[in-house]
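Engineer: Mapping of the sequence shown onto the UniProt record's numbering: residues 1 to 69, in sequence order.
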Amino acid sequence: MVRGKTQLRRIENATSRQVTFAKRRNGLLKKAFELSVLCDAEVGLLIFSPRGKLYEFASSKFLDRAIYV
Numbered sequence: 001m002v003r004g005k006t007q008l009r010r011i012e013n014a015t016s017r018q019v020t021f022a023k024r025r026n027g028l029l030k031k032a033f034e035l036s037v038l039c040d041a042e043v044g045l046l047i048f049s050p051r052g053k054l055y056e057f058a059s060s061k062f063l064d065r066a067i068y069v
């Protein structure tokens, strides 16, 4: 059975919004890591939370290159 598309809109409940952000952030960081390993790609990712906290990921090759450039 195919699930229908849901409309993207802001989550009004602050607690639910924070939980969703945390889950999606972790999923995105995992995908960035997988991409760097599986495809031997240089990956850099910056995520800012709604409260302004920084989350980052950099593959080792990307990090070495970014430092020397």
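For every residue, glycine included, the Cβ atom is placed at its ideal position computed from N, Cα and C.
On a predicted model such as this, the values are computed, not experimentally measured, just so you know.
Mind listing, in chain order, the continuous alpha helix (DSSP H) runs of no fewer than 4 residues lying wholly within the UniProt domain "MADS-box" (1 to 61)?
Structural biologist: Listed in chain order, they are 14 to 38.
Engineer: At the level of alpha carbons, what is the spacing between Glu12 and Gly4?
Structural biologist: Translated into positions along the sequence shown, residue 12 becomes position 12. Translated into positions along the sequence shown, residue 4 becomes position 4. Each residue's Cα considered, the two are about 22 angstroms apart.
Engineer: If you reduce the DSSP assignment to three classes, tell me which class Val69 lands in.
Structural biologist: Here residue 69 corresponds to residue number 69 of the sequence shown, with the count starting at 1. The predicted model places Val69 with a pLDDT of 46, which falls under 50 and marks its position as unreliable; any figure quoted below should be read in that light. Here Val69 sits in coil by DSSP.
Engineer: Leaving aside the five residues before and after Ser36 along the sequence, list all residues of the same chain whose C-beta is less than 6 angstroms from its C-beta, in chain order.
Structural biologist: Here the question's residue 36 lines up with position 36 in the sequence shown. Cβ within range, chain order: Val43, Ser59.
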